[in-house]
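Residue numbers (my numbering): 356 to 550.
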C-alpha cells in the first residue's frame with residue numbers, strides 16, 4: 356500500500372500496536388511481565404503458522420476448488436517465517452529493555468521520551484532484521500535500505516501519533532492496578548521466561 360507516497364506493507368497498519376502494548380506492559384508491569392507476554396505472542400504466532408500449514412498439507416474436501424488460492428495467499432516461505440519470528444523477538448525485547456532502562460534513568464518522568472525512544476530502537480531493529488533476512492538477494496541493496504528506512508519511519512511516526520492514547524492507557528492502568536514497576540533488580544535476559 357502507499358502512504359504519503361511511500362510504499363509500505365499493509366501490516367504497518369496493525370503491527371505497531373504490538374509495540375504500543377509492549378510499552379504499556381513494560382511501563383506499568385515491568386520488564387518481567389512484558390517478557391512473558393512477548394514469549395506468549397511468539398508461541399501464539401507459531402501455533403497460527405502451524406495451523407495454516409496444516410490447512411495446506413491436509414487433504415482438501417472433494418468439493419473445495421480454492422486450495423491453490425489458499426496456498427498462494429497463506430503459503431509462507433520458511434525464509435519469511437524465520438525473518439518474521441526473529442525480527443519480532445529482537446524488536447520486542449529491545450523495545451521493552453530500552454523503555455525499562457529509560458524509566459530508571461528518567462525517574463519515571465517524560466513517558467513520551469521512553470515510548471518513542473524505545474520504539475525507535477525496537478522498530479528499527481525489527482525493520483532491519485526482517486527486511487534484511489526476508490529480502491536480501493531478491494532486491495537491490497538500495498531498495499533494501501529504502502524499505503528498511505520507510506518501514507522504520509512509518510512505524511515510529513505511528514507510535515508518536517498515538518502517544519496521547521498511550522498516556523491515557525498507562526495512567527488508567529497505574530491507577531486501577533496500583534502499580535508502577537521500576538526494574539531496578541531485573542535480570543534482562545530474554546530467555547528467563549519463568550523468572
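Backbone N, C-alpha and C fix where the C-beta goes; we use that ideal spot for every residue, glycine too.
CA-CA distance, residue 430 to residue 407, rounds to 8 Å. Scanning the segment 506 to 539 from its first residue to its last, the whole alpha helix (DSSP H) runs of 4-plus residues come out as 518 to 532. Among the bridge pairs identified by DSSP, residue 491 is matched with 494. In the three-state reduction of the DSSP assignment, residue 542 falls in the coil class, being assigned neither a helical nor a strand state.
For the pair residue 485 and residue 439, the CB atoms are nearer than the 8 Å cut-off.
Between the segment 468 to 487 and the segment 444 to 456 there are three or more inter-stretch CB-CB distances shorter than 8 Å, so the stretches are counted as touching.
Between residue 470 and residue 521, the gap from beta carbon to beta carbon is short of 8 Å. Contact between the segment 485 to 494 and the segment 449 to 461 is absent: fewer than 3 CB-CB pairs across the two stretches fall below 8 Å.
Sorting 382, 376, 403 by C-alpha distance to the C-alpha of residue 393 places 376 at the top. Residue 384 and residue 538 have their C-alpha atoms roughly 9 Å apart.
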